[in-house]
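First the structure, in the form of structure tokens, and then the observations on it.
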Amino acid sequence: MKSILIAIGCSAALTLSATASAQSDNALFQLEQRLNAVGERIEHQQDISEVEILQRSYGYYVDKALWYSLTDLWTDRGTLEIGGRGVFLGKERVYEYMRVGLGTVGPKPGLLYDHQQFQQITTVNPDGTAEGRSIAFVMSSGGWGHNYYENDYVKEDGIWKFTKLHGPFNMYSGYDIGWLDNTTLNTFPEKFDPPPDLPPTTIYLTYPNYYVEPFHYPNPVTGMPMPAPDPAAGGEAFGNYSPADWYWQNR
Amino acid sequence: MKIQLQHFVPTTLALGLILLSPLAHSQSDNARLSALETRISAIEQDTAQVEALTRIQRIQRAFGYYLDKGYFGEAADLFTDNGLVQYGVDGIYTGKQRIRELFTRHGGGSVNAGPGLPYGRFNMHMQLQPMVTVAADGNTAKARWREWAMLGQYEEAIEWGDAILENEYVKENGVWKVSQMRYYTNFVAPYEGGPASLAPVSGDWTTEVGKAFPADAPVNETYQPFPAVYIPPYHYESDLSAIRSDPPLQQFIRSNDAIGRLEALADEHAAKLARARSLRAVENLQSMYGYYLDKGQWEQAASLFTADGTWEFGQWGIYRGPESIARGMTLMGPQGLEQGQLNNYPMLQAVIHVSDDNSHAWGRFRSDVMLARNGQGRWGGGVYENEYVNDNGIWKISKQHYWVTFWGDYDKGWTGEGIIPVEGMSSVVPPDEPPSVVYESLPNTFIIPFHYDHPVTGEPHNDLLRRDQDPREQQQ
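Just so you know, the protein sequences line up as chains A and B, in that order. The opening residue of the first sequence carries number -9 in the working numbering; numbering runs sequentially from there. The opening residue of the second sequence carries number 23 in the working numbering; numbering runs sequentially from there.
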């Protein structure tokens, strides 16, 4: 009887022990899950900051024509498209765009080329890519520029890089009378050396014409996608300007 | 989940004590589990605070992009249903419809059509220099922003715009929205002549839009815009939480059991989070400093430095300690500025790095500058390379170093005879030490050193050396 009681007691204890252990394991498992989830959220915040550092460093490099540092921000197959000059494919062409198109490495006496990087909206995607909209506010020896970027980035081996720099022009003007008159409607491949690998992805005219580069993100409050501009308000649709019209007007 | 766990812990604790020798360590294990759970909750809360800050930056920047291109309905949709905009001294507009019409009228779009702007309309509203304070409960937030605007109508008239925004945000059903936007116009100045050419406003300066489209309620406090010096109220005057983070990190040694491994994982996450919080705190701190500089609040600006912090501005030399720094800043003008003085030093393009132990930080910022004094306007540009110290959870400035790229006359620009050379040390308010580096600004050009290595290669920035060693360059 005594041994039976002991046996029952032991068995009860073992059952309780197993239950306690299972509960403890369950608690650990839940805590680990919470830690992993919050860890991903923290990494997401770090990713946003790192993409911003990449984009802003690009601006500091343009300022002083640091073309090696600039080119190193790209993946091997990354692309670059600025204004209407067409698309340049791969790191080497990015370097050539800068070195041949814009001049030798290093700052030049008397010349200002400040490419301020403002107002970045960064969207980090679950697949390890990111998109960013930002502004280049240019104060250069040539005058003013206000341009947008809609760029793509990728995290390769833990490091963020450009896969696509897409910088449609918004406004370029001289200094004397600013953007009152005599602005640059756009640039195009025929007037830029080196030539691109691909033609411009979009044909458009900049200020004083209306062009809006599509936002990569939905409205952050409503979640609604961006509506197309309404010609009744004066806006053309996104880059729907006829390439032929544009060519004959600007050749 | 949390409630279940709190219930669970004492139960196993009791079982372990009474019955089971294999769980002899259960008491301490359960205490460890409980402590770990509390810690994870804190990490989750602090993460939500950082997320709220970046969300608010995103909403405000999206707002700017909407105004730029005539997406006024989308801009109004960023507000709560009873959200409001206080516009200059025009008054307070309440509700999305009114807000949409307000920005449409100011921006030149059409309330009867969808998004867009007429031909030749320029309506750029850059949203800059965020100083974001998220409330402790994580459900509301306030932020100060600088708006730098480029406005006008092609071949008719163009203007510069300058405003401070003091906004409030609220989280409704998990979605952050703008609840209040107080838009303090400082000036809308003609491009020709710039802000220096503006005369003081006399009497009522309600805008044309405000007259044609009256507000729902008057402003609580009226003010005079530039050339008067008006300081829009700060939301953070007595609340320093925006520059607060975790204190410098401690090293923990964790036991090599299941709980210990989770404790180590929590340590790792907490360290990353502390540095992410610190990065945002330093961004806020530099913005706060910049807003004080704008208005000649030298004492307030100097109070953000450590006791032996240094302030070096162009070639004026080095001022050490808050008292000396405030004295050095009088080279920019009297405390509080004088009538007609514009001292806009925006803090932009932040590249911030925080040390692994969360005790120090470095920041590169751009500051392209708009000044006016005695009817003379001036442009300037340069880059800050700064250092910061974590003083037991409050970030302070240990070094501000502004490298001047150029000064230029407003009317003539920054080429040719418009160029103004950088000023040397003052004999009237002499520095404590000479400049750390002697240089000349434009037309001389130079590379401002980077506190950080290249973000992709991890190598120092050595472009000139690479150029000199590049065989492609030698062929040319």
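Just so it is clear, CB atoms sit at the ideal spot from N, CA and C, and this is done for glycine as well. Fair warning: this is a prediction, and the values are worked out from it, not measured in the lab.
In this structure, how does DSSP classify residue i when only helix, strand and coil are distinguished?
| i | result |
| --- | --- |
| His291/B | helix |
| Ser463/B | coil |
| Asn499/B | Since the first residue shown for chain B is 23 and the last is 498, residue 499/B is missing from the structure and cannot be characterised. |
| Gly133/A | strand |
| Lys434/B | coil |
| Arg75/A | coil |
| Gln79/B | helix |
| Phe502/B | This structure gives no information on residue 502/B, because the portion of chain B shown stretches from 23 to 498. |
| Met392/B | strand |
| Ile441/B | strand |
| Phe248/B | coil |
| Asp66/A | strand |
| Gly402/B | strand |
Could you tell me whether the Cβ atoms of residue i and residue j are closer together than 8 Å?
| i | j | result |
| --- | --- | --- |
| Leu486/B | Val95/A | yes |
| Ala185/B | Ala222/A | no |
| Glu169/B | Gly160/B | no |
| Gln82/B | Gln175/B | no |
| Arg77/B | Ile281/B | no |
| Glu321/B | Gln357/B | yes |
| Gly105/B | Gly138/B | no |
| Pro240/B | Gly440/B | no |
| Tyr424/B | Gly336/B | yes |
| His382/B | Glu345/B | no |
| Asn189/B | Trp167/B | yes |
| Val210/B | Glu181/B | yes |
| Gln86/B | His147/B | Before going on, a small fix: residue 86/B reads as Gly here, not Gln. In this structure, His147/B lies closer than 8 Å to Gly86/B by Cβ. |
| Asp390/B | Gly399/B | no |
| Val52/A | His105/A | yes |
| Val107/B | Val211/A | no |
| Thr207/B | Gly110/B | yes |
| Val376/B | Gln35/A | no |
| Ile347/B | Glu455/B | no |
Would residue i count as contacting chain A if we go by Cβ distances under 8 Å?
| i | result |
| --- | --- |
| Met310/B | no |
| Ser501/B | No answer is possible for residue 501/B: it lies beyond the span of chain B, which begins at 23 and ends at 498. |
| Trp417/B | no |
| Asn414/B | no |
| Gln371/B | yes |
| Ser132/B | yes |
| Arg83/B | yes |
| His291/B | yes |
| Gly435/B | yes |
| Glu243/B | no |
| His483/B | yes |
| Gly136/B | yes |
| Leu187/B | no |
| His476/B | yes |
| Gly216/B | no |
| Gln149/B | yes |
On the premise that residue j lies in contact with residue i, defined as a C-beta separation below 8 Å, what is that separation, rounded to the nearest angstrom?
| i | j | result |
| --- | --- | --- |
| Ile374/B | Glu305/B | 6 Å |
| Gly122/A | Pro184/A | That pair is no contact at about 26 Å. |
| Tyr258/B | Thr155/B | 5 Å |
| Pro217/B | Ala394/B | 5 Å |
| Ile32/A | Thr112/A | The Cβ separation is near 16 Å, so there is no contact. |
| Arg75/A | Phe152/A | Contact doesn't hold; Cβ gap of about 17 Å is too wide. |
Would you say residue i reaches chain B, if we count a Cβ-Cβ gap shorter than 8 Å as a contact?
| i | result |
| --- | --- |
| Met161/A | yes |
| Val84/A | no |
| Phe260/A | Lying outside -9 to 241, the shown extent of chain A, residue 260/A is not represented and no answer is given. |
| Arg31/A | yes |
| Ala222/A | yes |
| Asp104/A | yes |
| Asp37/A | no |
| Glu22/A | yes |
| Thr192/A | no |
| Asn273/A | Only positions -9 to 241 of chain A appear in the structure, and residue 273/A is not among them; the question remains open. |
| His136/A | yes |
Are any of the Cβ atoms in chain D nearer than 8 Å to that of residue i?
| i | result |
| --- | --- |
| Glu121/A | In the structure shown, chain D cannot be found, because the protein chains are A and B. |
Return yes when at least one heavy atom of the ligand SAM lies under 7 Å from the C-beta of residue i, else no.
| i | result |
| --- | --- |
| Gly91/A | Among the components of this structure there are no ligands whatsoever, and the ligand SAM is therefore not found. |
Whole runs of the beta strand (DSSP E) within the stretch 133 to 181 of chain A, excluding any shorter than 3 residues: 133 to 146, 149 to 157 and 159 to 163
Alpha helix (DSSP H) runs wholly inside the stretch 111 to 176 of chain B, at least 4 long, in chain order: 118 to 129
Which parts of the stretch 177 to 222 of chain B are runs of the alpha helix (DSSP H), unbroken and 4 residues or longer, counting only runs that do not cross its ends? none
What ranges does the alpha helix (DSSP H) occupy inside the stretch 58 to 103 of chain B, keeping only unbroken runs of at least 4 residues that lie completely in it? 94 to 98
Which ranges does the alpha helix (DSSP H) cover as unbroken runs of at least 4 residues, wholly within the stretch 282 to 341 of chain B, from first to last along the chain? 320 to 324
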